[in-house]
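Inspection log for the structure reproduced underneath, given as structure tokens.
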């Protein structure tokens, strides 16, 4: 991985650049990158390639890649689709380390295009050249003035370097979000668009991005993921390094997913699984572009609150209430001020509401020493992790803006740890003057609260990453074969992997089911044992509540008869005699193979919860017990496990251990498993464990 | 109501105005309104009142209200709290028809302030003078240049008249949203802030607003509601008149609700009930201020789509996918283009995705005739109710903006019915040039889709209002008394109101329960019958599954014994013998008395749905059967009623009829009822009805 990652440095931080198809017209696809490189302050060598001209935009032009005086780190190919293959070949022959292909008209268009894309990828791979695109808008690295893109957003002004990285499959989206970031005064150090991803994909770009010391937060966009391992590794490294990832994953709707499959060749995977993986690795999934920007802005300082308490200062009761609503929705704790401090504030201004939100009323607008005292009291006595002040369009007046900034600086001088945030509507230069003093400024309170919720989320995720084991013990892979596996065998295999089952007995034809039942203890259940009969109840292959030996024998005979009648083709191992286990809370667990993420563990409550409410959740395998606990807590019916209607709390600890064991088994045998079902599973009273009553393993054909 | 409403015309559309406390300093509270009135083009008489000056801002000043040459329609009182009572009295004596009180320091501050507020309200009421405030920012009516406010947002520029009305309890919020609307180019004809609401409240202001012919949409803000009937009437009239109401209701969180109660004297009521009432009357509840503005903007034309199909035109696949996701989340139908039309489009441009989203790729940017053909095909052959085109920052270039506008006008010439929307980022003058041609312009796609969802919602709500009965038959009020009511009596009362119960028998002490049971038919259930024992199972007062006469007699004796033992104080009517009814789907229904909305009907599924998931919903009583159907469909577990696990569909029709009957009974007896519980209720197989197995009525003490 690291070697491949290092191979990206030629692409993303090159010492020399060739531009194939360089144009004299700075508005054309072959002209823009050259102008950006000339005007953007890039200090390495730039070689325009154009066989028809002596010079391009005043620079000497070369006839071909072969003619260049040195081998460039990267070649930007601004040539039409028809000429791309030849250009790639020329680069490969010259041993260029990386190439960017702008042109569309490949895998996204038709089969012919797909074939050419495959061919060019093969040429590049053979020579060890990395390829970005085709059908992409390229890259930029503003820290060195390297603009390997024809994106029109740089026409008017460059993007300033800054702590934000952008990784986007879609060039249009990448351009749009960069444009919005610039409007917001947010600098972008590194920007990568991956397009058709014939070689470099979002996963690898993200993996590279989270290693960059100057990047605090990454805004990512993808329609799907091709390389699961690299993707998950990137997310994992990000939280280890305290880099926030704010992700726009599209294709969550049916129409959207359909459009994804017609738009790119990405393996889309289930959106619910994406969602689960994002939760698992502490990624913030943005629901809207505006949210992606708001959260990235809040993360750009790389400063996260220690806890989730929030003090709200307002001059209008109504705004305070709205902010408190939004704060609670975002998971923040609008904790009241200490009683004594409240009394002090009330003494200063009888109109005020000193609890939290602290409402100093419009009075404080004309009495700035009062405002200073109020805010200082909140910071010194409230002990809040985050402070926010609501100021509306007041600071649009430069005079008031200056005075207010002084008030805030004075009041917060002694509170370096508190994250200081404000809502206001003011011209950019006024906003910047506050930002320079360390304040985060949002126009909209709801957006701010949501972003603060994200900060708390990242802090927790980063802390969890520190506690998580470096390496999860992975189960041993076993040979599952490709044939169907019976319940008894499935239980044996999963039992060895740490899944608890009741003690049961396989009674082969001719053996005595009665004795086996007596050994197990009554009541028992008798089930048909056959690798070919997955749905046992459908053929009447399950009899429950058997209380005596004789009854067991009769049941066994009956079941074997039914099996012979309904499924004469099936191989019959005999019957399985198991103890009846009731009580506890019924849950289900399973493993499926996601097109994007491979083995994925599913968990839900049984009965109406899964059948009516689809109340299930997912995790990519493997995961540890702590992660399993978070997974369990995600379901809506979680309180069932805490005990309702006088029931005792269930053994969630044992359930979490089981799910983690299942995930490790699934990961170790990822290639061999199509699916696993544990249904039902009974979670017994706390301390008494968990038991899976049935097991089905479907090996991959 | 109408008389009182007419009395608002003096306040909101006055022919003459007095400003008491008029100041020469146009920056002061007493100066601003005068400047706004002078410069805003108001044509009626304006009388500054200031006993200390001959002139104010160049106008002749009067010493008192009494000195005025005529009685003004409205008096604006820009005097401190201490002088307010006297000013109100002077106005009342002069028979001024309405007064606006700006000053704070009344009910929101302390008990002394509250007492003064009560006194001034009494004075006004006695003389028939309407009062707005205190602690408010006043009103404006930009259509006549009447600015009865000191809001600083008018300092720089006036608000243009337009199809939006604003009704806000909070002056700060009202100013903020007006400021944002102006930035958006959205005109506001009428603007009312109600503050402490000692007389005119949000409900009455809203009621007035929805009668104004020039208002298409109202942005409202409230923390609570004082006058339930006026409020509900305003919402009802709004949908009859096709006026969209976009509501910001704050105080939904625990902290927020606490802040409401410390901030105003509003009767907050349950936020869940507010939410239900908004759904009931087709109000759009905005979650954020930005959303409130986006939706109001979309509604401002007063044009709503006939259906929910949406055609999306894009130049970038990624944006199209994101838009499709957002569209589906907003309830829009991104229906595919007809196959033949798709083939035509594909023939024009092989790269394109012609399904929907229709992706003409960046190619269409340089081939405008192609773009025209594409969009025309979508409008002519797609038959979409709404069209949206995604254009990013392209139209920021005036040249391109002009060409694109022509393309869109040409393509849409034949499609007058389609709502035409675009997303773009461009300077205001370019946006206006599109708006003038009838296009709705949003910057953000998610915000646009949400707003389009709102348009569909309003269209459906307006249509429903036309189908709804003019007057719902209200049940007859009966004398419930204030004493506890036993199950048997409760069933008798509710049965008369149309709630179905099983045929059961009250067996008085000494009578034979066995015979009664035989008449009903076995199996039966026997329950203690006592008005004093509400929770019968707690004393062992219920025995179920009784199969024979003798067994019934024993059960009755046993239950009477238990009651005598555990509740020797209770009045015993005897025992109730009822048929055992099983099967169907268990639900619960009830009535509670909400502080803001009075009698409210609750409905939910029984068992884990209510106990674990709190899956219940509400409606303000009364409501018709169609509304009951919508209520039923709101619960998450609704599919239980459609039949799951092979169960037949339940009799939702009978359930809806029962809920409507319950609501009419609750409305007719609103003052007498504290609560009603029907738990459990069994919804039988479709066609077999619904039966409530238990009933509890708690009269108001």
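Protein chains in written order, with this note's numbering: chain A, 1 to 701; chain B, 702 to 1402.
Every residue gets a Cβ at the ideal spot worked out from N, C-alpha and C, and that includes glycine.
Between residue 167(A) and residue 218(A), is the Cβ-Cβ spacing less than 8 Å? By one-based count along the first chain, residue 167(A) stands at place 167. By one-based count along the first chain, residue 218(A) stands at place 218. In this structure, residue 218(A) lies closer than 8 Å to residue 167(A) by Cβ.
Please determine if the stretch 1260-1276 of chain B and the stretch 1320-1333 of chain B are in contact, where contact requires at least 3 C-beta pairs separated by less than 8 Å. no
Closest by CA to residue 104(A), which one among 89(A), 91(A), 50(A), 84(A)? Here residue 104(A) is taken as the residue at index 104 of the first chain, counted from 1. Of the listed residues, the one whose Cα sits closest to residue 104(A) is 84(A).
With 8 Å set as the bound, which would you pick, yes or no: does the beta-carbon of residue 535(A) sit closer than that to a beta-carbon of chain B? Along the first chain, read from residue 1 onward, the residue named residue 535(A) stands at position 535. Judged by the 8 Å Cβ criterion, residue 535(A) is not in contact with chain B.
Let me make sure I understand the geometry here. Which of 1031(B), 949(B), 1130(B) has the alpha-carbon closest to that of residue 446(A)? Locating residue 446(A) in the first chain gives position 446, where the first residue counts as 1. Closest by alpha carbon: 949(B).
Going by DSSP, what residue range makes up the alpha helix (DSSP H) through residue 399(A)? Sequence index remark: in the first chain, residue 399(A) carries index 399 (1-based). Looking at the DSSP string, the run of the alpha helix (DSSP H) that includes residue 399(A) is 398-412.
Looking only at C-alpha atoms, which of 872(B), 843(B), 1401(B) sits nearest to residue 859(B)? Translated into the one-based positions of the second chain, residue 859(B) becomes position 158. Closest by alpha carbon: 843(B).
At the level of alpha carbons, what is the spacing between residue 760(B) and residue 971(B)? Within the second chain, residue 760(B) is the residue found at index 59, counting from 1. Within the second chain, residue 971(B) is the residue found at index 270, counting from 1. If I take the Cα positions, the gap works out to 50 Å.
Touching or not, the stretch 297-307 of chain A and the stretch 348-361 of chain A, by the rule of three or more beta carbon pairs under 8 Å? Here the stretch 297-307 of chain A does not lie against the stretch 348-361 of chain A, with fewer than 3 beta-carbon pairs under 8 Å apart.
Beta-carbon neighbours of residue 538(A), restricted to chain B and to distances below 8 Å: To locate residue 538(A), count along the first chain from 1; it is residue 538. Per Cβ cutoff of 8 Å: no residues; residue 538(A) is ~13 Å from chain B at best.
Please confirm whether residue 904(B) and residue 889(B) have their CB atoms less than 8 Å apart. By one-based count along the second chain, residue 904(B) stands at place 203. By one-based count along the second chain, residue 889(B) stands at place 188. Their beta carbons are not under 8 Å apart, which means residue 904(B) does not touch residue 889(B) by this criterion.
Beta-carbon proximity of residue 780(B) to residue 819(B), cut-off 8 Å: Position 79 of the second chain, counted from the first residue, corresponds to residue 780(B). Position 118 of the second chain, counted from the first residue, corresponds to residue 819(B). Not in contact: residue 780(B) and residue 819(B) (Cβ atoms no closer than 8 Å).
Are the C-beta atoms of residue 748(B) and some chain A residue less than 8 Å apart? Indexing the second chain from 1 puts residue 748(B) at position 47. By this cut-off, residue 748(B) is not an interface position.
Which residues does DSSP pair with residue 749(B) in a beta bridge? Mapped onto the second chain, residue 749(B) falls at position 48. BP columns for residue 749(B) point to 720(B).
Can you have a look at residue 1196(B) and say buried or exposed, based on whether 16 or more other CB atoms are within 10 angstroms of its CB? Your numbering for residue 1196(B) matches position 495 in the second chain. Classification for residue 1196(B): exposed.
Give me the subset of the stretch 832-847 of chain B whose CB atoms are less than 7 Å from a CB atom of chain A, sorted by chain position. none
Selection of the stretch 1311-1343 of chain B by Cβ proximity to chain A, strictly under 9 Å: 1312, 1313, 1314, 1316, 1337, 1338, 1339, 1340, 1341
Mark residue 1182(B) as exposed unless 16 or more other C-beta atoms lie within 10 angstroms of its C-beta, in which case mark it buried. Taking the second chain and counting its residues from 1, one reaches residue 1182(B) at position 481. Per the 10 Å Cβ criterion, exposed.
Please decide whether residue 868(B) counts as near chain A, where near means a Cβ-Cβ distance under 8 Å. As a first step, residue 868(B) must be located in the second chain, where it is residue number 167. So no, residue 868(B) is outside the interface.
So that I know if they touch, is there some Cβ in chain A lying closer than 8 Å to that of residue 1022(B)? Position 321 of the second chain holds residue 1022(B). Chain A contact via Cβ: present.
Give a yes or no on whether the minimum CB-CB distance between residue 1401(B) and chain A is below 8 Å. In the second chain, counting from the first residue as 1, residue 1401(B) sits at position 700. No, residue 1401(B) does not count as interfacial toward chain A.
Beta-carbon contacts of residue 701(A) that lie in its chain and below 8 Å, excluding the five residues immediately before and after: As a working mapping, residue 701(A) is identified with position 701 in the first chain. 482, 674.
Answer with yes or no whether the minimum CB distance from residue 574(A) to chain D is below 8 Å. In the displayed structure, chain D is absent; the protein chains listed are A and B.
Could you tell me the distance, in whole angstroms, from the CA atom of residue 645(B) to the CA atom of residue 1227(B)? A question about residue 645(B) goes unanswered here, because the residues of chain B that appear run from 702 up to 1402.
Could you tell me the distance, in whole angstroms, from the CA atom of residue 286(A) to the CA atom of residue 602(A)? Locating residue 286(A) in the first chain gives position 286, where the first residue counts as 1. Locating residue 602(A) in the first chain gives position 602, where the first residue counts as 1. Approximately 23 Å between the Cα atoms of the pair.
Chain B residues whose Cβ lies nearer than 8 Å to that of residue 254(A): Position 254 of the first chain holds residue 254(A). Against chain B, the beta carbon of residue 254(A) has neighbours under 8 Å at 1029, listed in chain order.
Taking its Cβ as the centre, do 16 or more other Cβ atoms sit within 10 Å of residue 6(A), making it buried, or is it exposed? Residue 6(A) sits at position 6 when you count from the first residue of the first chain. Result: exposed.
Thinking C-alpha only, which one of 570(A), 164(A), 136(A) is nearest residue 151(A)? Here residue 151(A) corresponds to residue number 151 of the first chain, with the count starting at 1. Nearest of 570(A), 164(A), 136(A) to residue 151(A), Cα basis: 136(A).
Beta-carbon neighbours of residue 1395(B), restricted to chain A and to distances below 8 Å: Here the question's residue 1395(B) lines up with position 694 in the second chain. Result: empty, since nearest Cβ-Cβ is about 18 Å, beyond 8 Å.
So if I threshold CB-CB distances at 9 Å, which residues from the stretch 703-729 of chain B count as touching chain A? Residues of the stretch 703-729 of chain B with a C-beta less than 9 Å from any C-beta of chain A: none at all.
Scan the stretch 920-968 of chain B and note each continuous alpha helix (DSSP H) run of 4 residues or more that stays entirely inside, going in chain order. 929-941, 955-964
Name the chain B residues whose beta carbon is nearer than 8 Å to that of residue 645(A)? Against the first chain, residue 645(A) aligns to sequence position 645. Per Cβ cutoff of 8 Å: 1312.
When burial is assigned at 16 or more other CB atoms within 10 Å of the CB, is residue 940(B) buried or exposed? In the second chain, the residue the question calls residue 940(B) occupies position 239. Here residue 940(B) is buried: its Cβ has 16 or more other Cβ atoms, across all protein chains shown, within 10 Å.
Distance check for residue 226(A) and residue 556(A), CA to CA, integer angstroms please. As a first step, residue 556(A) must be located in the first chain, where it is residue number 556. As a first step, residue 226(A) must be located in the first chain, where it is residue number 226. Their backbone Cα atoms lie some 50 Å apart in a straight line.
Can you find a CB in chain A that lies within less than 8 Å of the CB of residue 1062(B)? Locating residue 1062(B) in the second chain gives position 361, where the first residue counts as 1. Yes, because at least one Cβ of chain A sits closer than 8 Å to the Cβ of residue 1062(B).
Indicate whether at least one CB of chain A lies closer than 8 Å to the CB of residue 1262(B). Translated into positions along the second chain, residue 1262(B) becomes position 561. For residue 1262(B), the answer is no, since every Cβ of chain A falls outside 8 Å of its Cβ.
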